[in-house]
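A short write-up of the structure that comes next.
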Amino acid sequence: MFKIIQQSDYKVNQWSGGITRELFILPHDSSLAERNFDLRISSAVIHLTESTFSDFSNYQRFLLPVEGNITLYIDGHAHQLSNDLPFVFEGSKNVRSVNSSGAIDFNVICRKDYKTKVTVVHKGESDETATTFIFALEDIDINGRKVEKYNSILTTEPYKFTGKAVVVEIP
Numbered sequence: 026m027f028k029i030i031q032q033s034d035y036k037v038n039q040w041s042g043g044i045t046r047e048l049f050i051l052p053h054d055s056s057l058a059e060r061n062f063d064l065r066i067s068s069a070v071i072h073l074t075e076s077t078f079s080d081f082s083n084y085q086r087f088l089l090p091v092e093g094n095i096t097l098y099i100d101g102h103a104h105q106l107s108n109d110l111p112f113v114f115e116g117s118k119n120v121r122s123v124n125s126s127g128a129i130d131f132n133v134i135c136r137k138d139y140k141t142k143v144t145v146v147h148k149g150e151s152d153e154t155a156t157t158f159i160f161a162l163e164d165i166d167i168n169g170r171k172v173e174k175y176n177s178i179l180t181t182e183p184y185k186f187t188g189k190a191v192v193v194e195i196p
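Taking the numbering used here, the leading residue of the sequence shown gets 26, the next gets one more, and so forth.
Here is the structure:
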């Protein structure tokens with residue numbers, strides 16, 4: 026399987042601080058509201074400059090700013106997030122964010138026992154046939170196909186790409 030997912034295919038939801046685009050969820054019939062998912066991948070456009078994160082007890086989170094600046098405050102400590110390294114934290118933590126207006130994030134939420142790996146790479150390659158979700162942070166070329174910035178690829182095939190992207194290895 027090799028599927029390119031366009032931005033227009035993402036499920037869009039409004040929330041108090043902006044807009045969230047659900048890029049992928051497992052199982053496919055699960056929902057964020059019911060908290061019955063194993064893995065959820067999303068990207069939010071954050072209009073508020075300050076917000077409080079929802080409680081996701083029993084989940085782990087990976088967060089990365091893809092545009093703008095995001096600082097998380099957890100247990101009284103400030104964490105300035107990098108756009109090259111996903112920040113990992115427990116979903117049960119009380120988290121407040123301060124960010125530039127219009128910042129865009131990339132967010133992975135998975136059950137604590139779900140062995141997900143999230144990395145940012147400038148070129149990637151895999152001979153594996155494991156399920157992999159790739160989010161283009163710029164226009165990329167993958168297996169000879171062009172994928173535009175903020176579009177995604179879901180694949181179980183070996184791949185090779187050039188360009189910057191977030192790679193989520195799904196168990």
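Built from N, CA and C at the ideal position, the CB exists for glycine as well. Just so we're clear, the structure is a prediction, and the values are computed from it rather than from any experiment.
Using beta-carbon positions only, say whether D164 and E173 come within less than 8 Å of one another.
-> For this step, residue 164 is matched to residue 139 along the sequence shown. For this step, residue 173 is matched to residue 148 along the sequence shown. Yes, the Cβ-Cβ distance between D164 and E173 is below 8 Å.
From which residue to which residue does the beta strand (DSSP E) around T157 run?
-> Numbered from its first residue, the sequence shown carries residue 157 at position 132. For T157, the enclosing beta strand (DSSP E) has its first and last residue at 156 to 161.
Whole-number beta carbon distance between L88 and D138, since they are thought to touch under 8 Å = By one-based count along the sequence shown, residue 138 stands at place 113. By one-based count along the sequence shown, residue 88 stands at place 63. D138 to L88, Cβ: 20 Å. No contact.
Whole-angstrom distance between P183 and S151, CA atom to CA atom | Counting from one through the sequence shown, the residue named residue 151 turns up at place 126. Counting from one through the sequence shown, the residue named residue 183 turns up at place 158. Distance between the alpha carbons of S151 and P183 is about 5 Å.
Out of I178, T187, S41, which has the shortest C-alpha to C-alpha gap to D166?
-> The sequence position of residue 166 within the sequence shown is 141, counting from 1. Nearest C-alpha to D166: T187.
Nearest to R86 (by Cα), restricted to the options Y175, G42, I99, N176 | Residue mapping note: residue 86 aligns to position 61 of the sequence shown, counting from 1. That would be I99, whose Cα lies nearest to the Cα of R86.
Find the nearest neighbour of A127 within the set I71, D80, V91, V143, judged by alpha-carbon distance.
-> One-based indexing of the sequence shown puts residue 127 at position 102. Residue identity differs from the one stated: residue 127 is Gly in this sequence, not Ala. The residue with the shortest Cα to Cα distance from G127 is I71.
Taking 8 Å as the threshold, find out whether the stretch 31 to 38 comes into contact with the stretch 107 to 116 through three or more Cβ pairs.
-> no
Run through DSSP, which three-state label would Q32 get?
-> As a position in the sequence shown, residue 32 is number 7, starting the count at 1. The answer is helix: DSSP assigns Q32 an H, G or I state.
Quick one: give me the first and last residue of the beta strand (DSSP E) that H104 is part of.
-> Residue 104 sits at position 79 when you count from the first residue of the sequence shown. Unbroken beta strand (DSSP E) run through H104: 102 to 105.
Could you give the distance in angstroms between the alpha-carbon of G43 and the alpha-carbon of A69?
-> Here residue 43 corresponds to residue number 18 of the sequence shown, with the count starting at 1. Here residue 69 corresponds to residue number 44 of the sequence shown, with the count starting at 1. Rounded to the nearest angstrom, the two C-alpha atoms are 7 Å apart.
V91 - partner residues in DSSP beta bridges | To locate residue 91, count along the sequence shown from 1; it is residue 66. Bridge partners of V91: none, in fact.
Are the Cβ atoms of N168 and F27 separated by less than 8 Å?
-> On the sequence shown, residue 168 is found 143 positions in, with the first residue counted as 1. On the sequence shown, residue 27 is found 2 positions in, with the first residue counted as 1. Taking 8 Å as the Cβ cut-off, N168 and F27 qualify as a contacting pair.
Spatial distance of N132 from K185 (CA atoms) = One-based indexing of the sequence shown puts residue 132 at position 107. One-based indexing of the sequence shown puts residue 185 at position 160. For N132 and K185, the distance between alpha carbons rounds to 23 Å.
Through-space distance from I29 to T77, alpha-carbon basis = Along the sequence shown, read from residue 1 onward, the residue named residue 77 stands at position 52. Along the sequence shown, read from residue 1 onward, the residue named residue 29 stands at position 4. Between T77 and I29, the C-alpha separation is close to 33 Å.
Beta bridge counterpart(s) of N132 as assigned by DSSP = Working through the sequence shown from its first residue, we reach residue 132 at position 107. Answer by DSSP bridge pairing, in chain order: S67, L88.
Quick one: Cα of T180 to Cα of V193, how far?
-> As a working mapping, residue 180 is identified with position 155 in the sequence shown. As a working mapping, residue 193 is identified with position 168 in the sequence shown. If I take the Cα positions, the gap works out to 11 Å.
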